[in-house]
Amino acid sequence: MNFDFFNELSDKYLQTNFGRGVFLSGIVLGMIANEESKSENKAVENAPLYKQINFGKMSLRELKNHFSRIPELIKAYNIEHSEMIRSLAAEAGELILTDKAKDLGVDGNFAFTVAFMNSRDYFWGKIFKKKEEQ
Numbered sequence: 043m044n045f046d047f048f049n050e051l052s053d054k055y056l057q058t059n060f061g062r063g064v065f066l067s068g069i070v071l072g073m074i075a076n077e078e079s080k081s082e083n084k085a086v087e088n089a090p091l092y093k094q095i096n097f098g099k100m101s102l103r104e105l106k107n108h109f110s111r112i113p114e115l116i117k118a119y120n121i122e123h124s125e126m127i128r129s130l131a132a133e134a135g136e137l138i139l140t141d142k143a144k145d146l147g148v149d150g151n152f153a154f155t156v157a158f159m160n161s162r163d164y165f166w167g168k169i170f171k172k173k174e175e176q
C-alpha cells in the first residue's frame, strides 16, 4: 500500500493520524458501496450502504458502526479484491484508534465524503497502483 499521496495534500486535518484514518475509511466504504451496486446492477446511490451513510453529519460512532460491518458486507456481496479492502480497512482503523480525536466534525465529514466519492481513483490510482516496469 502506498500512502505518499497524503504528502501532496495541504489540508492540516489530513496530516493527522485521525484525519488520514477517516479519509481511508471513506475509500474503503466507497469501494464496498461500489461493489454492492455492481452486484445489483444499480448506480452507487442505490447501494444499501450508500443509503445508510449520513453524509455531512456522520459521527465517529456511526463510522465505527459501519466499519464493524465490513466483514459481513464483504461476505454478503462476494466483494472482489476483499483482501486489499480488508488490509486498507485495518490501516484506517489503526490510524483512527491511535489518535485522541473524539468526532469527525466538518473537516472529517468533508474528508470522508471526498474519499468516498473518489474511492476507485484513490484505491486503484494511488494506494494499490502497480509500479510501472522500467
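This note's numbering puts the first residue of the sequence shown at 43, with every later residue one more than the last.
Ideal Cβ placement from N, Cα and C applies to all residues, glycine included.
Within 7 Å, strictly: CB atoms of residue i and residue j
i                : j                 : result
valine 86        : asparagine 76     : yes
isoleucine 69    : alanine 157       : yes
leucine 66       : histidine 108     : no
phenylalanine 97 : threonine 155     : yes
alanine 89       : isoleucine 112    : no
alanine 126      : phenylalanine 170 : The sequence given here places methionine at residue 126; alanine does not occur at that position. Yes, Cβ-Cβ distance for methionine 126 and phenylalanine 170 is below 7 Å.
leucine 102      : leucine 56        : no
phenylalanine 47 : lysine 168        : yes
Exposed unless 16 or more other CB atoms sit within 10 angstroms - verdict on residue i
i             : result
methionine 43 : exposed
glutamate 175 : Only weak support exists for where glutamate 175 lies, its pLDDT of 40 falling under 50; the coordinates are left without a value.
glycine 150   : buried
lysine 172    : exposed
alanine 118   : exposed
arginine 62   : buried
glutamate 50  : exposed
glutamate 78  : buried
serine 161    : buried
serine 52     : exposed
Boundaries of the alpha helix (DSSP H) in which residue i is found, first to last residue
i                 : result
glutamine 94      : 90-94
alanine 118       : 112-118
phenylalanine 158 : 147-159
methionine 126    : 124-139
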